[in-house]
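Chemist: I have a structure I would like to understand better, so I am pasting it below and will then ask my questions one at a time.
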Amino acid sequence: MNLVRLLSLPVSVLLSGLVLLLVGPGLAAAEGNDAEKQMMALASSKKSTKVKEKPFPFPADTPSLKQMKEYRKTYTRLTALQKSALHWNFGIVTYINKGEDRFQHNYNMYVKEFEALDEDDDEALEEIEFKPYDVGTIIVKEQYPLESEHHIDIEGVPLNPSALSIMIKEKKGYDPENGDWRYLQITSSGTMVANGKASDPVVKPLCGECHINVKDRDYVYHTFFTKVMTKKKN
Ligand code: HEC
Numbered sequence: 001m002n003l004v005r006l007l008s009l010p011v012s013v014l015l016s017g018l019v020l021l022l023v024g025p026g027l028a029a030a031e032g033n034d035a036e037k038q039m040m041a042l043a044s045s046k047k048s049t050k051v052k053e054k055p056f057p058f059p060a061d062t063p064s065l066k067q068m069k070e071y072r073k074t075y076t077r078l079t080a081l082q083k084s085a086l087h088w089n090f091g092i093v094t095y096i097n098k099g100e101d102r103f104q105h106n107y108n109m110y111v112k113e114f115e116a117l118d119e120d121d122d123e124a125l126e127e128i129e130f131k132p133y134d135v136g137t138i139i140v141k142e143q144y145p146l147e148s149e150h151h152i153d154i155e156g157v158p159l160n161p162s163a164l165s166i167m168i169k170e171k172k173g174y175d176p177e178n179g180d181w182r183y184l185q186i187t188s189s190g191t192m193v194a195n196g197k198a199s200d201p202v203v204k205p206l207c208g209e210c211h212i213n214v215k216d217r218d219y220v221y222h223t224f225f226t227k228v229m230t231k232k233k234n
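In my numbering, the protein residues as written are 1 to 234.
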């Protein structure tokens with residue numbers, strides 16, 4: 001832990017840490033009650049530093065806005081908080097509105113293909129079959145700067161993403177050369193940075209050029225999959 005990070009901790013956490021350090025493991029048993037109080041203080045100070053979850057500020061002209069607004073509650077969460085392969089210190093969590101079984105199937109195929117290529121196993125390679133997504137499929141990827149304490153709560157639960165990258169499977173004919181996907185990028189200030197086809201002059205360098213590399217997987221990378229239940233208690 002560097003000094004800046006240490007200084008940014010609440011005083012109560014630092015003090016209880018210091019007290020525990022001074023008491024030491026030998027004395028801790030004798031001072032059982034005090035140690036317990038310290039732990040309670042630590043727990044409650046953790047609670048008070050918890051970042052609150054805020055609804056994502058979608059711009060009004062976001063396509064499929066009505067159902068996308070509730071994505072945290074109504075979509076299936078496909079991954080844990082993952083460190084993105086392509087961005088330094090960048091965390092992602094992925095959700096899907098439907099076709100989660102397809103995502104899981106394609107993820108398994110991606111892993112199988114990876115292993116088959118590694119082992120030069122032509123037979124296994126022949127069995128690889130990716131399934132495309134249905135019209136109306138929406139995949140939302142939340143992005144988190146992992147070093148920021150403002151987006152992830154003290155237990156490491158992702159709360160307020162700094163941006164959303166979204167892929168929407170539009171009707172046949174929207175962009176047949178690129179799988180009919182629409183790409184969107186929205187920042188946490190509610191700014192639409194990109195919205196359109198993979199060939200759109202803004203979308204192409206930002207999204208399209210990279211996702212075209214996985215055309216065989218219907219342009220979806222499927223790099224991560226963790227079966228996570230989305231249902232909330234409340
Ligand atoms: C440099 C390559 C690159 C660029 C540019 C890029 N992506 Fe991705 N995208 C990936 C990779 C790789 C993944 C898999 C997860 C990961 O490692 O981040 C991914 C994952 C996704 C996912 C989750 C579904 C999946 O493919 O697994 C969505 C949605 C997505 N990207 C949308 C976008 C949008 C929208 C843009 C443009 C604003 C964009 N991406 C730009 C490489 C890229």
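Where is the CB? At the ideal position from N, CA and C, for every residue including glycine.
On the DSSP bridge list, what partners appear for Ala194?
Modeler: Numbered from its first residue, the sequence shown carries residue 194 at position 194. Per DSSP, Gln185.
Chemist: If distances are taken between C-alpha atoms only, which option among Gln67, Asn213, Thr223, Val111 comes closest to Thr137?
Modeler: Sequence index remark: in the sequence shown, residue 137 carries index 137 (1-based). Looking at the Cα atoms, Gln67 is the closest of the given residues.
Chemist: Kindly identify the DSSP beta-bridge partner or partners of Gly91.
Modeler: Reading the sequence shown from its first residue, position 91 is the one you call residue 91. Answer by DSSP bridge pairing, in chain order: Lys83, Tyr144.
Chemist: At a cut-off of 6 Å, would you count Gln185 as near the ligand HEC, judging by its Cβ distance to the nearest heavy atom?
Modeler: Reading the sequence shown from its first residue, position 185 is the one you call residue 185. It does: the Cβ of Gln185 is within 6 Å (strictly closer) of some heavy atom of the ligand HEC.
Chemist: Could you tell me the distance, in whole angstroms, from the CA atom of Gly190 to the CA atom of Ala124?
Modeler: Here residue 190 refers to the residue found at position 190 of the sequence shown. Here residue 124 refers to the residue found at position 124 of the sequence shown. Going from the Cα of Gly190 to the Cα of Ala124 covers about 45 Å.
Chemist: Based on the DSSP secondary-structure assignment, which residues constitute the bridge partners of Met167?
Modeler: Along the sequence shown, read from residue 1 onward, the residue named residue 167 stands at position 167. Paired residues: Ile139, Tyr183.
Chemist: Ends of the alpha helix (DSSP H) at Glu127?
Modeler: The residue given as residue 127 occupies position 127 in the sequence shown. Counting along the chain, Glu127 falls outside any alpha helix (DSSP H), and DSSP gives it neither H nor E.
Chemist: On the DSSP bridge assignment, give the partners of Thr76 in chain order.
Modeler: Translated into positions along the sequence shown, residue 76 becomes position 76. Beta-bridge pairing links Thr76 to Ile96.
Chemist: Does the structure place the segment 68-82 close enough to the segment 207-215 that three or more beta carbon pairs sit under 8 Å?
Modeler: The answer is no - the segment 68-82 does not touch the segment 207-215, with fewer than three Cβ pairs under 8 Å.
Chemist: Quick one: what's got a C-beta closer than 8 Å to Ser237's C-beta in the same chain, skipping five residues either side?
Modeler: Here the chain comprises residues numbered 1 to 234, so residue 237 is not present and cannot be evaluated.
Chemist: With respect to 6 Å, is the separation between the Cβ of Met167 and the closest non-hydrogen atom of the ligand HEC below this value?
Modeler: Taking the first residue of the sequence shown as position 1, residue 167 is located at position 167. It does: the Cβ of Met167 is within 6 Å (strictly closer) of some heavy atom of the ligand HEC.
Chemist: Since Met192 contacts Pro59 with CB under 8 Å, what's their CB separation in whole angstroms?
Modeler: For the purposes of this step, residue 192 is identified with residue 192 of the sequence shown, where counting begins at 1. For the purposes of this step, residue 59 is identified with residue 59 of the sequence shown, where counting begins at 1. Going by Cβ atoms, the distance from Met192 to Pro59 rounds to 5 Å, so yes, they are a contact pair.
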